[in-house]
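For reference, the structure is listed below as C-alpha cells.
Numbering (my numbering), first residue to last: -18 to 261.
Now the structure itself:
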C-alpha cells in the first residue's frame, strides 16, 4: 500500500524531463518570434514612414500625412517605370514558363546522356554572383549587336527565371505516373493533346508557383537591370530617388507594392490550396 502511494506521489510531480521539455518549447517559441520580428520589422517601419509628414526618412515620424502617396500617384516617371518592369516581368515569365516546363518534362520523362549535367547546368545562373552574371550578359548581348533595353532585359531575366520554373515543375513531376501518358497515346491522342489534357493539369501547381517566383524575381530585380536596361525600371527609379531625394515616397511605393502583392497572392494561394485537396 505504501509503495503504491509513493509511486503515485512520484508520478504526480513534474520531473526534470518535463521541465526540460517545457524550457525547450519556450526557447523555440521565443526563437521563432525573434525570426518573425527580424523579417517583418523592416516592412512595418517602411509602412509607418510612408505616412510621415517629414520630408526625409525619419523614424518615428514627427507627424502623419498622405502627401507622399499623392506625390507618387501624380509622378508619371514612377508609373512609366512600373509599366516597364511589369512588361519585362510578364515577358520573361512567359519565356521561363515555356522553357522551364519543357526542360522539366524532358529531364523527368527521358533518360539520355548528360541528363544529370543538364540539371546542374540549369542551376548555374543561380550560383554566379549577380554582378558577374549581369556583366557577362551585357558582353554577350553586344556580340549579337544588341544594346541595353527592353529586349535585352527580357532575355536576361529569363536566364535567372528558367531554373526556378524547371525545379518547381520537377517537384510536381516527382510522383507523376508515365503510364497515364502512354494510355492516352494508345487511345489515339496526340502528344500535344496528351500534354494539354493529361500532363499539364497534373503539374499545374508547379507551373503556377514557378511563374509567380519568376515574375517577382524579375519585377524586383536590380543587379541585371542595372546592366541590361536604360535605368527605367521601377527598382532602379526607386534607387535613384533614394540617392538623390531620400524622401518617404520610396516607402510609399514599397508599401503599395506589398499591399498589391498580398492582394494578388490571396486568390493564387486559395486556388493552389483547393487544387491540393483530395477530390471526392
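Ideal Cβ positions, reconstructed from N, Cα and C, are used throughout, including at glycine. Small disclaimer: the values here were computed from a predicted structure and weren't measured.
- With respect to the 8 Å criterion, residue 129 and residue 209 are classified as neighbours on the basis of their beta carbons.
- DSSP, reduced to helix, strand and coil, places residue 34 outside both helices and strands of the structure shown, so it counts as coil.
- When the Cα atoms are used, residue 193 and residue 82 turn out to be separated by approximately 14 Å.
- Under DSSP, residue 45 takes part in a beta bridge, and its partners are 33.
- Approximately 7 Å separates the beta-carbon atoms of residue 140 and residue 118; this is inside 8 Å, confirming the contact.
- When DSSP states are grouped into helix, strand and coil, residue 110 belongs to the coil group.
- Residue 145: member of the alpha helix (DSSP H) spanning 131 to 153, first to last residue.
- Residues of the same chain with a CB within less than 6 Å of the CB of residue 33, apart from the 5 flanking positions on each side, are 42, 229 in chain order.
- Minimum Cα-Cα distance from residue 63 among the listed residues 215, 97, 234, 244 corresponds to 215.
- Under the Cβ criterion (8 Å, minimum of three pairs), the stretch 64 to 82 does not count as touching the stretch 120 to 128.
- Distance from the Cα of residue 163 is smallest, within the candidate group 156, 180, 152, 147, for 180.
- When the five nearest sequence neighbours on each side are left out, the beta carbons in the same chain lying within less than 8 Å of the beta carbon of residue 44 are those of 33, 34, 35, in order along the chain.
- The shortest C-alpha to C-alpha distance from residue 202 to any of 224, 98, 112 is the one to 112.
- For the stretch 53 to 129, the full-length alpha helix (DSSP H) segments reaching 4 residues or more read 57 to 90, 96 to 103, 105 to 108, 111 to 124 along the chain.
- In this structure, residue 231 keeps its C-beta atom at 8 Å or more from the C-beta atom of residue 59.
- Comparing alpha-carbon positions, the option among 21, 244, 237 lying closest to residue 51 turns out to be 237.
- When DSSP states are grouped into helix, strand and coil, residue 11 belongs to the helix group.
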